[in-house]
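I have placed the structure first, in the form of structure tokens, so that the comments after it can refer back to it.
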């Protein structure tokens, strides 16, 4: 290769000194077409191609990594926003349920007795403590949170028990009592089941307010909801009323017996 370069330089020197240009062009062409030059060119082209291919592979790998990372970040951001939306919806629902449960807890026997006197299908439903609030919460839960049917089941239990209690408001044994005693007996009759039902609703409300929006939505365990056929509520409520009146009569008899033995008590 050194001799070839020497030849090329000699040719250039000849041109500069005035010799014909044909001879150095021929020498240059002879060098370019020589096996050594072609081999060197091929080697350089191959090396450049490999370097380019390697660089392109690295670039594509980095782009793929960046794209996957962006997709993961986007998915995580969407899930985070969805969880936050669900958390806020659950919090509002929990507040509504606690308010629905507290409606009965804060009701006096006099107000409960007055509501039990409401007639008409719509009026009876509206008079049922917490029923409207639970109904609204149930509709919102179905649209915003895909909550199961546990709220609907508790709502129906409250309505059926309230309706069963209403049938005993004019029971002769109840109407024979003094006004305050009537109100107290009917309040105890409703409370026999409402305390349990509203306890389930309140517990669910607390769980919903504490939920972070991820995972399964809190619900009322199916095993916790009483499995009583609706057609048995009238019979069951009558049995409860019998028990309330019996215990009341026993208390009165004890008080009379105590007064008879100790007039100063």
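Numbering (the working numbering), first residue to last: 34 to 298. For every residue, glycine included, the Cβ atom is placed at its ideal position computed from N, Cα and C. Source: prediction; values computed, not measured.
What is the rounded straight-line gap between the Cα of residue i and the Cα of residue j?
| i | j | result |
| --- | --- | --- |
| residue 152 | residue 142 | 18 Å |
| residue 268 | residue 197 | 9 Å |
| residue 85 | residue 78 | 10 Å |
| residue 249 | residue 278 | 45 Å |
| residue 288 | residue 280 | 12 Å |
| residue 283 | residue 260 | 31 Å |
| residue 128 | residue 237 | 10 Å |
| residue 286 | residue 275 | 16 Å |
| residue 211 | residue 202 | 13 Å |
| residue 69 | residue 106 | 55 Å |
| residue 256 | residue 183 | 11 Å |
| residue 247 | residue 265 | 40 Å |
| residue 235 | residue 225 | 17 Å |
| residue 273 | residue 262 | 16 Å |
| residue 385 | residue 157 | A query on residue 385 cannot be resolved here, the shown segment of the chain reaching from 34 to 298 and no further. |
| residue 140 | residue 118 | 34 Å |
| residue 114 | residue 102 | 18 Å |
| residue 104 | residue 97 | 10 Å |
| residue 175 | residue 205 | 43 Å |
| residue 71 | residue 80 | 14 Å |
| residue 56 | residue 67 | 16 Å |
| residue 90 | residue 76 | 21 Å |
| residue 83 | residue 95 | 18 Å |
| residue 270 | residue 108 | 54 Å |
| residue 99 | residue 73 | 39 Å |
| residue 112 | residue 150 | 50 Å |
Grab me the residues of residue i's own chain with a C-beta within less than 8 Å of its C-beta, minus the 5 sequence neighbours each way, in chain order.
| i | result |
| --- | --- |
| residue 294 | none |
| residue 216 | 142, 143, 145 and 146 |
| residue 252 | 180, 181, 183 and 237 |
| residue 200 | 267 and 270 |
Which residue marks the beginning of the alpha helix (DSSP H) containing residue i, and which one marks its end?
| i | result |
| --- | --- |
| residue 242 | 212 to 243 |
| residue 276 | 266 to 294 |
| residue 176 | 164 to 177 |
| residue 143 | 142 to 149 |
| residue 184 | 183 to 199 |
| residue 247 | Unbroken run through residue 247: none, as it is neither H nor E. |
| residue 202 | Element bounds for residue 202: n/a, residue is neither H nor E. |
| residue 257 | Here residue 257 belongs to no alpha helix (DSSP H), and DSSP marks it neither H nor E. |
| residue 155 | 154 to 160 |
Hey, residue i and residue j are a contact pair by Cβ (cut 8 Å); roughly how many whole angstroms apart?
| i | j | result |
| --- | --- | --- |
| residue 207 | residue 218 | 6 Å |
| residue 245 | residue 93 | Actually they do not touch by this definition, with Cβ atoms about 39 Å apart. |
| residue 132 | residue 110 | Between residue 110 and residue 132 the Cβ distance is about 34 Å, and since that is not below 8 Å, they are no contact. |
| residue 161 | residue 171 | Not a contact, Cβ separation roughly 14 Å. |
| residue 122 | residue 177 | 4 Å |
| residue 116 | residue 231 | The Cβ separation is near 29 Å, so there is no contact. |
| residue 173 | residue 233 | 18 Å between Cβ atoms; not a contact. |
| residue 242 | residue 124 | 5 Å |
Below 6 Å CB to CB, which residues in the same chain sit around residue i once its five sequence neighbours on both sides are set aside?
| i | result |
| --- | --- |
| residue 221 | 277 |
| residue 148 | 160 |
| residue 136 | 162 and 163 |
| residue 195 | 161 |
For residue i, which residues from the same chain have a beta carbon less than 7 Å from its beta carbon, with the 5 sequence-adjacent residues on both sides left out?
| i | result |
| --- | --- |
| residue 188 | 164, 167, 168 and 171 |
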